[in-house]
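Chains as they are written, first to last, in my numbering: chain C, 19 to 249; chain S, 19 to 249. For glycine and all other residues, C-beta sits at the position ideal for the given N, C-alpha and C. Just so we're clear, the structure is a prediction, and the values are computed from it rather than from any experiment. One structure is given here, and the rest of the page talks about it.
Protein chains: 2
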Amino acid sequence: MILVVQLTQSLQRRKSLYEQTYEALREGILAGKLLPGDRLIETQIAQQLQVSRTPIREALRQLQQEDLVVADGSGWLRVATVSATEAVQLYNCRIALETLSVTEACAQASPAQLEQLVQCVTQAEALAERSPDAALSQQLLALDYRFHHLIAESTGNGCLVSLLEQVFNKMMLLRLQTTRHNPGVLEVRQEHQEIYQAIAQREVKTAVAAVTSHLKASKSRVVKELTQLKS
Amino acid sequence: MILVVQLTQSLQRRKSLYEQTYEALREGILAGKLLPGDRLIETQIAQQLQVSRTPIREALRQLQQEDLVVADGSGWLRVATVSATEAVQLYNCRIALETLSVTEACAQASPAQLEQLVQCVTQAEALAERSPDAALSQQLLALDYRFHHLIAESTGNGCLVSLLEQVFNKMMLLRLQTTRHNPGVLEVRQEHQEIYQAIAQREVKTAVAAVTSHLKASKSRVVKELTQLKS
DNA sequence: CGCTTGTATACCGCATACAATGTAGAAGCT
DNA sequence: AGCTTCTACATTGTATGCGGTATACAAGCG
């Protein structure tokens, strides 16, 4: 368990140490520096980040509530793992929420927000031109989430955004356990394009259909891989 | 701001003070002892609950992440308020999630879980016989949430359960701002009955339709009341 | 040889002390 | 009076210490 993060010591006192610790840990988990199943020990983290245990405790509690960190049988905190069945459940929730998301987006999205969506899509397009490597696929993955996140935000429904964030968190955890190299980025860009078009033209049914099939495709890819891994 | 809760001092050390504090505060908020907008001051709470600030800080962080407590402009923590537009958004999310909930319940619910559902419905039925007062309507409200919660749990989808809990939390906050006496409990029991029947008979479409109309009815009642209050 | 028991240690829960920061109220100036 | 400035205080942020508890490993006993 190695966190090579240097917290901003003196400059920019805006963010509390608690917040910085939280972000460092979260980042560490989602970026794969802390692997699912790893134990998280307050004293160790305190030593590595050079802060006292108090802000760390708060950060851990928060991560625990987000289900990125779980207490195992004897109460030790560990980085959460996602099983195959949980993956399916996660996707089902995501589909339910994103169906609402695109529906409301069709009704609510402002021109500026649509513009952001386009940029997100074209950025991915541009990135995909480059020769594929691990870092690139990380970036594409980030853009993928950003795309879905932008749609959610364009609804103006804060509740929806925070619920989806919850789901995305565990989703990224899931990715860590499957492929480091996102498999379907090529098709994905095409599908994002379709989703965007439907939203821009306010065609609710088309948008819902597009996002549903997009997610179902992703779901079946992940599930397939997970079950293969097990055997 | 008065919390008259005596934490179990010596017996049952199973629950940490942090957890007890969390529950005390949560209970205080949801039961209306702490009103939306009230400031939450660490030192005051510490004095009232006779614990140090450390566990309180952790509890507050957790409540903050659940959106039951929010930081206002100058960083003070306050009990969250729910606006009329948030109420609508909340209901929309709830409908999306509960649609999934009954769908999966139709497929997954075990006989034992269906039995629990029946008991929940009949309990409400029995309670409704008694002469109505404030305490009774509180109990009926609790049974209402329990009913929906049981459905979610019967899906076996833990992710869904925790997302819905999130929504229910704020929902109860919303109720505090509208009526103390739940308006539609009479119709509600009828609708619950229908939902249960549909799930028991594994009729997905009927169940979805029933739960959707149930929630939409509730939504329009709440929205109506909120807009009336404003004028 | 296995089971219990003892002991050292690692870790956590909570309390407390101190530092930093922001807010309110009073005093002083115009 | 109205405005500014300064001080005192209230509150939160962070560090640390102490005590309890569980765990692991070793020694003693059956």
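Do you know how far the Cα of GLN134/C is from the Cα of GLY174/C?
Between the alpha carbons of GLY174/C and GLN134/C lies a gap of roughly 15 Å.
Among ALA125/S, ALA160/S, GLN219/S, nearest to MET189/S - alpha-carbon criterion:
Answer by Cα proximity: ALA160/S.
Go through the segment 79-144 of chain C residue by residue and report every complete run of the alpha helix (DSSP H) that reaches 4 residues or more, in order.
Counting only runs of 4 or more, we get 102-126.
By DSSP's criteria, ARG57/C is part of a beta bridge. Which residues make up the other side?
Beta-bridge annotation (DSSP): ARG57/C is paired with ARG96/C.
Per-residue contacts from THR99/C into chain S (C-beta, under 9 Å)
Result: empty, since nearest Cβ-Cβ is about 13 Å, beyond 9 Å.
Within-7 Å CB hit, GLU76/S to chain C:
Yes - at least one Cβ of chain C is within 7 Å of the one on GLU76/S.
Which word fits GLY55/C, buried or exposed, when buried means at least 16 other C-beta atoms lie within 10 angstroms of its C-beta?
Burial call: exposed.
Is there a C-beta anywhere in chain S that falls below 7 Å from the one on ALA114/C?
Chain S, which has a Cβ nearer than 7 Å to the Cβ of ALA114/C, makes this yes.
Quick check on ASN175/S - is its C-beta less than 7 Å from some C-beta in chain C?
Chain C contact via Cβ: present.
Check each residue of the segment 27-61 of chain C: if its Cβ is closer than 7 Å to any Cβ of chain S, include it; give the result in chain order.
The segment 27-61 of chain C vs chain S, Cβ under 7 Å: nothing.
Chain-order list of residues whose beta-carbon lies under 6 Å from that of ALA125/C (same chain, five-residue window excluded)
Same-chain partners within the cutoff: there are none.
C-alpha distance - LEU192/C paired with LEU67/C, whole-angstrom precision:
Cα to Cα, LEU192/C sits roughly 26 Å from LEU67/C.
If you check the beta carbons only, do ALA102/C and SER172/C fall under 7 Å apart?
No. Outside cutoff.
Rounded to a whole number of angstroms, what is the C-alpha to C-alpha distance between LEU194/S and LEU53/C?
About 42 Å.
On the CB-based measure, 16 or more other CB atoms within 10 Å of its CB, does ILE59/S come out buried or exposed?
The C-beta of ILE59/S has fewer than 16 other C-beta atoms within 10 Å across all chains shown, which makes the residue exposed.
What separation, rounded to the nearest whole angstrom, lies between the Cα atoms of MET19/C and GLN38/C?
Note that MET19/C scores 45 on pLDDT, short of 50, meaning its location in the model is unreliable; the coordinates nonetheless yield the value given after this. Straight through space, the alpha carbons of GLN38/C and MET19/C are spaced by roughly 18 Å.
Over what stretch of residues does the alpha helix (DSSP H) that includes LYS188/S continue unbroken?
According to the DSSP assignment, LYS188/S belongs to the alpha helix (DSSP H) that extends over 176-195.
Could you give the distance in angstroms between the alpha-carbon of VAL240/S and the alpha-carbon of THR230/S?
Taking the straight line joining both Cα atoms gives about 15 Å.
Interface residues of chain C facing CYS111/S [CB-CB closer than 8 Å]
Simply LEU115, LEU118, ASN175, CYS177, LEU178, LEU181.
List the whole-angstrom C-beta distance separating LEU78/S from LEU95/S, where the pair is believed to meet the contact cut-off of C-beta under 8 Å.
Right, the Cβ-Cβ distance comes to about 6 Å (below 8 Å), so this counts as a contact.
Do we get a CB-CB distance below 7 Å when we pair GLN83/C with the residues of chain S?
Yes, GLN83/C counts as interfacial toward chain S.
Could you tell me whether any Cβ in chain C is nearer than 7 Å to the Cβ of GLN134/S?
No, no contact with chain C.
Closer than 7 Å, CB to CB, is LEU108/S near chain C or not?
So yes, LEU108/S belongs to the interface.
Distance cutoff 7 Å, beta carbons only. Does ARG148/C sit that close to anything in chain S?
At a cut-off of 7 Å, the C-beta of ARG148/C has no neighbouring C-beta in chain S.
Within chain C, the residues that GLN184/S reaches when beta carbons sit closer than 9 Å:
The contacting residues are CYS177, SER180, LEU181, GLN184.
Alpha carbon to alpha carbon, how far is SER70/C from TYR36/C? Give it in angstroms, no decimals.
Cα atoms of TYR36/C and SER70/C: separation of roughly 10 Å, rounded to the nearest angstrom.
7 Å Cβ cutoff, GLN80/S in contact with chain C
Chain C contact via Cβ: present.
Within 10 angstroms of its Cβ, does GLN184/S collect 16 or more other Cβ (buried), or is it exposed?
Flag for GLN184/S reads buried.
For the alpha helix (DSSP H) containing ASP162/C, name the first residue and the last one.
Note, ASP162/C: alpha helix (DSSP H), 152-172.
Where GLU221/C sits in the DSSP three-state scheme:
Residue state, collapsed to three classes: coil.
Checking 7 Å against the spacing of the C-beta atoms, do ILE47/C and VAL97/C come in under that value?
Using a Cβ distance threshold of 7 Å, ILE47/C and VAL97/C count as a contacting pair.
Could you tell me the distance, in whole angstroms, from the CA atom of HIS167/S to the CA atom of VAL179/S?
Each residue's CA atom was taken as its position, placing HIS167/S and VAL179/S some 7 Å apart.
With distance defined between alpha-carbon atoms, name the residue in GLU221/C, LYS33/C, PRO129/C nearest to PRO73/C.
Of the candidates GLU221/C, LYS33/C, PRO129/C, the residue whose Cα lies closest to the Cα of PRO73/C is LYS33/C.
List the residues of chain S whose Cβ lies closer than 8 Å to the Cβ of GLU104/C, in chain order.
The answer, in chain order, is GLY176, CYS177.
Round the Cβ separation of GLN82/C and ALA89/C to the nearest angstrom and send it over; I've been treating them as touching at under 8 Å.
That pair is a contact at about 7 Å.
Out of VAL120/S, ASP85/S, LEU108/S, which has the shortest C-alpha to C-alpha gap to ALA218/S?
When the alpha-carbon of ALA218/S is set against those of VAL120/S, ASP85/S, LEU108/S, the nearest one is in VAL120/S.
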